[in-house]
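Chemist: When we follow this note's numbering, the leftmost residue of the sequence shown carries the number 637, and every step to the right adds one.
C-beta atoms are modelled at their ideal positions from N, C-alpha and C, and glycine is treated no differently.
Since the structure is predicted, the reported quantities are computational estimates derived from the model, not experimental observations.
Let me give you the structure first, and then I'll get to my questions.
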Amino acid sequence: MEKCIELAKQAEGKTSPNPLVGCVITDEFDNIIATGYHKKYGENHAERDALLKINKGDGDTLYVNLEPCSHFGKTPPCTDIIIEKGIKHVVIGMLDPNPVVNGIDKLKNAGIDVIAGVLEDECKKLNEIFIKNINDKKTFVAIKTATTLDGKIATSAGSSKWITSENAREEVYKIRRRYDAIMTSSTTVIADNPKMEHRKKIILDRELKTDLNSQIYKQGNIYVFNEKEDGTTGDINFIKTPVKDGKISLEFVFKKLYELGIMSVLIECGGKLNGKALKYADKIYQFIAPKITGDNSAKSCFDYRKISKISECTNYKIDSVKFFDPDILLTCYPIDKNT
Ligand code: AOF
Ligand code: ZN
């Protein structure tokens with residue numbers, strides 16, 4: 637199953653809105669005889685990709701991180717080809733939350749021995765975006781920040797280059813690739829003039845203050861949420877957006893992203909938008925550099941409210957800690973998002 641996950645990850649960022657799936661087939665002596673994965677949206681499912689590499693009767697056990705499909709979609713059901721190829725055992729990571737899929741019963745009815753729930757937590761993490769999309773019909777929202785030990789993202793004068801090391805910034809490129817789009821604010825575009833290379837970029841720019849000659853506009857498909865106009869100029873799409881308390885309505889933005897087929901978004905911006913977006917965030921990537929500004933007026937990474945008691949904090953679970961020497965990356969999930 638670990639191998640299935642590893643195979644599936646090769647297509648990160650390419651399968652949306654479909655899941656990441658990898659498949660391993662072994663013979664009766666437990667030797668791997670074929671592997672496959674879902675390479676790109678619209679292409680063969682992982683199981684078919686692997687099964688097309690073997691002859692009928694050669695495979696004994698098929699391992700796959702997601703329940704095989706039983707529906708006619710872009711390709712015929714994977715359950716059918718599993719049965720045709722004479723597979724005897726199927727080991728599944730997690731059940732498919734997609735209501736059209738009921739592969740397990742179909743396999744069992746064909747006399748195949750089925751085990752499900754192997755490395756289930758890891759498999760669910762691999763497809764956290766797909767699961768949220770199917771279950772909640774909403775875009776998966778992640779926030780990435782890079783701070784000093786005292787939680788600052790820039791000096792009060794706006795200097796932020798560079799808090800984290802090259803190593804950490806390399807990792808950010810990899811993280812970005814997993815998401816359908818990245819999002820930032822006019823404040824960040826104006827302050828840092830970042831390139832943020834990506835196939836899809838979202839800019840929140842209520843008053844259309846950003847210069848269209850800024851680096852960010854030079855590449856990719858761009859969506860500018862603003863209060864003034866709708867329309868398209870080349871690769872730039874302007875989307876007229878309602879305003880709430882003087883700010884772009886994030887409720888509207890995330891709903892719109894889902895309608896546009898943007899199934900996941902990574903927010904990279906300053907403390908104000910980070911703070912406002914927190915209540916929608918499914919995940920936080922927090923890079924921390926071993927530096928201290930010691931400056932109370934330096935900018936904080938989540939700057940959106942005043943609270944009087946520590947018991948009023950929003951709580952997170954740290955899922956992993958990784959070193960990108962000399963920095964670390966904490967990956968966190970919210971525990972009580974609504975507080
Ligand atoms: C994939 N790749 O390897 C597996 C999937 O759009 P379709 O017709 O290809 O069907 C997509 C559904 O098939 C998807 O939502 C999921 O429930 C199931 N399994 N999909 O794209 C795969 N195994
Ligand atoms: Zn399938």
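#1: I need the DSSP call for residue 1045, collapsed to helix, strand or coil.
#2: Does the Cβ-Cβ distance between residue 658 and residue 677 come in under 8 Å?
#3: According to the Cβ coordinates, are residue 936 and residue 787 closer than 8 Å?
#4: Starting from residue 902, trace the beta strand (DSSP E) in both directions and tell me its first and last residue.
#5: On the criterion of 16 or more Cβ atoms from any shown chain inside 10 Å, does residue 822 qualify as buried, or is it exposed?
#6: Whose beta carbon lies closer than 6 Å to any heavy atom of the ligand ZN, going through the chain in order?
#7: What residue from 781, 809, 845 and 888 has the CA that sits closest to residue 835's CA?
#8: Drop a sphere of 10 angstroms on the beta-carbon of residue 753, count the other beta-carbons inside from all chains shown, and report buried for 16 or more, exposed for fewer.
#9: With contact counted as at least three CB pairs below 8 Å, one residue from each stretch, are the region 944–952 and the region 836–853 in contact?
#10: Is it right to say residue 975 is buried, meaning 16 or more other beta carbons lie within 10 angstroms of its own, or is it exposed?
#11: Near residue 668, which residues of its chain fall below 8 Å by C-beta distance, leaving aside the five closest residues on each side in sequence?
#12: How would you call residue 922, buried or exposed, if buried means at least 16 neighbouring beta carbons within 10 angstroms?
#13: What whole-angstrom Cβ distance do residue 740 and residue 750 have, given they're in contact under 8 Å?
#14: Taking the alpha carbon of residue 731 as the point to measure from, which residue in 709, 700 and 713 has its own alpha carbon closest?
#15: Within 10 angstroms of its Cβ, does residue 864 collect 16 or more other Cβ (buried), or is it exposed?
#16: Taking only the alpha-carbon atoms, compute the straight-line gap between residue 792 and residue 806 and give it to the nearest angstrom.
#17: Give the range of the alpha helix (DSSP H) segment to which residue 741 is assigned.
#18: Using beta-carbon positions only, say whether residue 842 and residue 902 come within less than 8 Å of one another.
#19: Would you decide whether residue 695 is buried or exposed? Buried here means 16 or more other CB atoms lie within 10 Å of its CB.
#20: Sorted by chain position, which residues of the same chain lie with C-beta nearer than 8 Å to residue 653's C-beta, five sequence neighbours on each side aside?
#21: Going by CA-CA distance only, name the one from 650, 857 and 790 that's closest to residue 931.
#22: Taking 7 Å as the cut-off, does the CB of residue 676 come closer than this to any heavy atom belonging to the ligand AOF?
#23: Ignore the nearest five residues each way along the sequence and tell me which others in residue 824's own chain have a CB closer than 6 Å to its CB.
#24: Verify the contact flag: residue 755, CB atom, against every heavy atom of the ligand AOF, threshold strictly below 7 Å.
#25: Within 10 Å of its beta-carbon, does residue 729 have 16 or more other beta-carbons around it, so buried, or fewer, so exposed?
#26: What did DSSP end up calling residue 594 once you bin it into helix, strand or coil?
#27: Determine the contact status of residue 692 and residue 721, defining contact as a CB-CB distance below 8 Å.
#28: By the three-class DSSP mapping on this structure, what secondary structure does residue 754 have?
Modeler: On the basis of the coordinates in this document:
#1: Outside the shown range of the chain, which is 637 to 975, sits residue 1045, and nothing can be said about it.
#2: Position 22 of the sequence shown, counted from the first residue, corresponds to residue 658. Position 41 of the sequence shown, counted from the first residue, corresponds to residue 677. No; because the gap between Cβ atoms is not below 8 Å, this pair is not in contact.
#3: To locate residue 936, count along the sequence shown from 1; it is residue 300. To locate residue 787, count along the sequence shown from 1; it is residue 151. Yes. Within cutoff.
#4: Walking along the sequence shown from the start, residue 902 turns up at place 266. Taken as a continuous stretch (DSSP letters only), the beta strand (DSSP E) holding residue 902 covers 900–903.
#5: Locating residue 822 in the sequence shown gives position 186, where the first residue counts as 1. Per the 10 Å Cβ criterion, buried.
#6: 681, 683, 704, 705 and 714
#7: Walking along the sequence shown from the start, residue 835 turns up at place 199. Residue 835 has its Cα closest to that of 809, out of 781, 809, 845 and 888.
#8: Here residue 753 corresponds to residue number 117 of the sequence shown, with the count starting at 1. It is exposed - the Cβ of residue 753 has fewer than 16 other Cβ atoms within 10 Å.
#9: no
#10: Here the question's residue 975 lines up with position 339 in the sequence shown. Because the pLDDT of residue 975 is 44, which lies under 50, any placement of that residue in the model is unreliable, and the question is left without a value.
#11: What you label residue 668 is simply residue 32 of the sequence shown in a count that begins at 1. Hits under 8 Å: 639, 660, 661 and 662.
#12: Counting from 1 along the sequence shown, the entry for residue 922 is found at position 286. Residue 922 is buried by the Cβ-count criterion.
#13: The sequence position of residue 740 within the sequence shown is 104, counting from 1. The sequence position of residue 750 within the sequence shown is 114, counting from 1. Confirmed, Cβ separation roughly 6 Å.
#14: For the purposes of this step, residue 731 is taken as residue 95 along the sequence shown, with counting starting at 1. Nearest C-alpha to residue 731: 700.
#15: Position 228 of the sequence shown, counted from the first residue, corresponds to residue 864. Exposed, by the Cβ-count rule.
#16: As a working note, residue 792 is residue 156 in the sequence shown. As a working note, residue 806 is residue 170 in the sequence shown. Cα-Cα distance, rounded: 26 Å.
#17: Sequence index remark: in the sequence shown, residue 741 carries index 105 (1-based). Segment 739–745, the alpha helix (DSSP H) holding residue 741.
#18: As a first step, residue 842 must be located in the sequence shown, where it is residue number 206. As a first step, residue 902 must be located in the sequence shown, where it is residue number 266. No, the pair does not count as a contact, with Cβ atoms beyond the cut-off.
#19: As a first step, residue 695 is located in the sequence shown; it is residue number 59 there, counting from the start. Result: buried.
#20: For the purposes of this step, residue 653 is taken as residue 17 along the sequence shown, with counting starting at 1. Correct list, in chain order: 677, 766, 769, 897 and 899.
#21: Along the sequence shown, one-based indexing puts residue 931 at 295. Closest option to residue 931, Cα to Cα, is 790.
#22: Position 40 of the sequence shown, counted from the start, is the residue given in the question as residue 676. The answer is no for residue 676.
#23: In the sequence shown, counting from the first residue as 1, residue 824 sits at position 188. Taken in chain order, the residues that qualify are 905 and 906.
#24: Taking the sequence shown and counting its residues from 1, one reaches residue 755 at position 119. No, Cβ of residue 755 sits at least 7 Å from all heavy atoms of the ligand AOF.
#25: On the sequence shown, residue 729 is found 93 positions in, with the first residue counted as 1. Answer is buried; the Cβ neighbour count reaches 16.
#26: Examination of residue 594 is not possible in this model, given that the chain is present from 637 through 975 alone.
#27: Counting from 1 along the sequence shown, the entry for residue 692 is found at position 56. Counting from 1 along the sequence shown, the entry for residue 721 is found at position 85. Cβ atoms of residue 692 and residue 721: closer than 8 Å.
#28: By 1-based counting over the sequence shown, the position of residue 754 is 118. Looking at residue 754 - three-state DSSP - the assignment turns out to be coil, as it is neither helix nor strand.
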